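Down below is the structure, laid out as structure tokens.
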Amino acid sequence: MEPEQESEFGDFEKIETEDPHANPKSTQNTILSRSEYIPSRVKLPKQRQLIGIVLERLGGKRMSIKTTDNKIRNCRVPGKFRRKFWLRPGNFVIVEPWPDDDKKGDVVYQYRPNEITQLKKKGITQSLQGEF
């Protein structure tokens, strides 16, 4: 038996391009835009967290978000994420509901467009697709 070959990326997974037969050494494929990358791993919600989609912005860093449990929550962006997230209606996010009030929550993570395609391929966002 041959020992497993270690990839050139070490312990990390290889980021695949959309065309699996593309030659990575050719000059045309050396510079790829961000939209052409497909991440092999996507951040998924933890124990109390849910995936949601922004319905409308309410002002003051608050927004109405429909989550995967079919509830509409009034969520806010915590202070440490205010400059990091630029949320618009239709964006996918991870929401952490408040422990004392289930109708409210905090936005913990914003998905990028290439991560959203991976979520759709896995079928995780099917309960949210009826809205848009």
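Going by this note's numbering, the first residue of the sequence shown is number 347, and it counts up by one from there.
Every residue, glycine too, gets a C-beta built ideally from N, C-alpha and C.
Predicted model, so just to flag it, every value in this text is computed and none were measured.
Among residues of its own chain, excluding the 5 on either side of F431, which ones have a beta-carbon nearer than 6 Å to its beta-carbon? Same-chain partners within the cutoff: V423, Q456.
Assign G406 to one of two classes, buried (16 or more other C-beta atoms within 10 Å of its C-beta) or exposed (fewer than that). With fewer than 16 other Cβ atoms inside 10 Å of its own Cβ, G406 counts as exposed.
Residue of L404, R434, K412 minimising C-alpha distance to P459: Nearest in C-alpha terms to P459, of all of L404, R434, K412, is R434.
Can you tell me the Cα-Cα spacing of S410 and Q395, whole angstroms? Whole-angstrom Cα-Cα distance: 16 Å.
Spatially closest choice to G425 from D448, P443, R403, D452, by CA coordinates: When only C-alpha atoms are compared, the closest one is D452.
Distance check for W444 and V454, CA to CA, integer angstroms please. V454 and W444: Cα-Cα distance of roughly 12 Å.
In the DSSP assignment, what are the bridge partners of V441? According to DSSP, V441 bridges with L396, V453.
Since V439 and R419 should fall inside the 8 Å C-beta cutoff, what is the C-beta to C-beta distance between them, to a whole number of angstroms? Between V439 and R419 the beta-carbon gap is near 11 Å, outside 8 Å, which marks them as no contact.
Count the other CB atoms, across all protein chains shown, that sit within 10 Å of the CB of G469; report buried if there are 16 or more and exposed otherwise. Under the 10 Å beta carbon count, G469 is surrounded by fewer than 16 other beta carbons and is classified as exposed.
Give the straight-line distance between the Cα atoms of G398 and K467, rounded to the nearest whole angstrom. Whole-angstrom Cα-Cα distance: 17 Å.
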